[in-house]
Structures are given as C-alpha cells and as structure tokens.
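Engineer:
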Amino acid sequence: MKITFLSDAGSWKNSFIKRLVNKLRKKGHRVAFVHDAKVIQKGDILFILGFFKIVPSDILKRNKTNIVVHESALPKGRGWSPMSWLVLGGARTIPLTLFEAVEKVDAGRIYLRDRVALKGSDLLPEIREKVGRAIMRLCEKLAMAYPSILARGASQKGKPTYYRRRGPDDSRLDPQKSMARQFNLLRIADNNTYPAFLDYRGSTYILKIEKKS
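Residue numbers for the sequence shown follow numbering that gives the first Met the number 0, beginning at 0 and rising by one.
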C-alpha cells in the first residue's frame, strides 16, 4: 500500500511515527512522512497525527482513507489537548479513539479504541511514551487489517463534549495552594515548551519537575 503520515514538524509524536514508518517499510509498504499537507500525494491511507491545522477537503480526497487518533473516548473530549485535560482532571486511564478524518472536527466513523493505564505518578515524558506507543499500535493494527476493517466502522453516538485549546498561561501555579493540590498540573507541564511557573513577591519563577533516578 501507499501510506502517508502527516504531523507538525515539532510534534512529540514524531519519534514514534518514525519507528512505525520504518516498520511498515520493512513489510513492503511505500510510506511517506511529511509535515506539510500540500505535498501529500495520492495513496491508500493518510494518518494525521499531531497535526494542528485543518487539512482541506481537496487534500483529504487524495487518499482513499484518512485516519486520526484522538486521546479521548469520542464523542466525549473533542477538541484540543485531551490528554492534558484528562490528567489534570485526575484520570487514571487515557482513552484512545482511531477514527476517520472528515471535514467536521473529530466527528468521523470510529474503527478502533484502546486505553492506556496511568499510575498517577507519571510525568509528561512517561505519559507520552505510553500513549505514543499505544497510538502506533492502533495505526499498525488498522494498516494490517486494511481495507476489510473499514466495514467495522461505527458512527459516533452520544452528545459530544469539547476541550478548549491550552496556552502558556495554563501552566501557571497558585502559590497559595499546596503542591499536592497542583501535582497533576506539574505532571503535564512541558519543561521545555510550557514549563510550570508562578508569580510571587513581584517576580515570576519557572518550576521544572523531574523524577529522581
């Protein structure tokens, strides 16, 4: 098959995608990995993972099937950064939904689901490692069962809920609250891109969290 993966150049999922690209190539598939939707060519499957722009319908038509994996139990949790919102809310599992990309955001037919268990002490690098591996397993499972798996697709049922987009200010800590109460916020803080911070006594302080080895 001709398979394409599309992601943002800076996505944390890229290292996981590269591993799957190499694995699928060894199985004899023609696999492309791009960061610009305009260069996508005609093919069988387009996986859109960690890409935060809307892919125009004329580009989606270049492939027979377009797939997204979302870190929520769709139709619940459509929108932005579902994994972060779930951890912040104290979730001990991250649901994964592999579904068809359509023009309406996160509304396509569902083909596969999975769940990733968390310990409650996992920090962002550990959470990403677990979730990234699980996402690639779902993508590989669909590719290996394609196209017969498409007959198993099911429409989303239930009332959808939505997460808003997170920004740098969402990493702000409250100096009047204990670290225990804000530990989940520390868990999802990206030490490099969006580190946790607090304003105290007229200054802003950055807090980075790591596990002691």
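In this text, a Cβ means the ideal position worked out from N, Cα and C, and glycines have one as well.
1) Measuring alpha carbon to alpha carbon, tell me which residue in 30, 11, 9, 10 is nearest residue 19.
2) Let me check understanding here. Comparing Cα to Cα, which of 57, 37, 67, 23 lies closest to residue 104?
3) Would you kindly work out how many angstroms separate the C-alpha atoms of residue 156 and residue 73, rounded to a whole number?
4) Helix, strand or coil: how does DSSP classify residue 216 here?
5) Tell me, please, whether the stretch 95-114 touches the stretch 148-163 by the rule of three or more beta-carbon pairs shorter than 8 Å.
6) Thinking C-alpha only, which one of 135, 53, 58 is nearest residue 43?
7) For residue 93, which residues does DSSP report across the bridge?
8) If you measure between the beta carbons of residue 117 and residue 91, is that distance less than 8 Å?
9) Nearest to residue 165 by alpha carbon, out of 180, 192, 182?
Structural biologist: By the coordinates alone:
1) Nearest option by C-alpha distance: 30.
2) For the residues 57, 37, 67, 23, the minimum Cα distance to residue 104 belongs to 67.
3) Here the C-alpha atom of residue 156 lies approximately 8 Å from the C-alpha atom of residue 73.
4) Residue 216 cannot be examined here, being either before or after the span of the chain that is shown, 0 to 212.
5) Yes, they touch.
6) Comparing Cα positions, the closest option is 58.
7) 115.
8) For residue 117 and residue 91, yes; Cβs fall inside 8 Å.
9) Minimum Cα distance to residue 165 is reached at 192.
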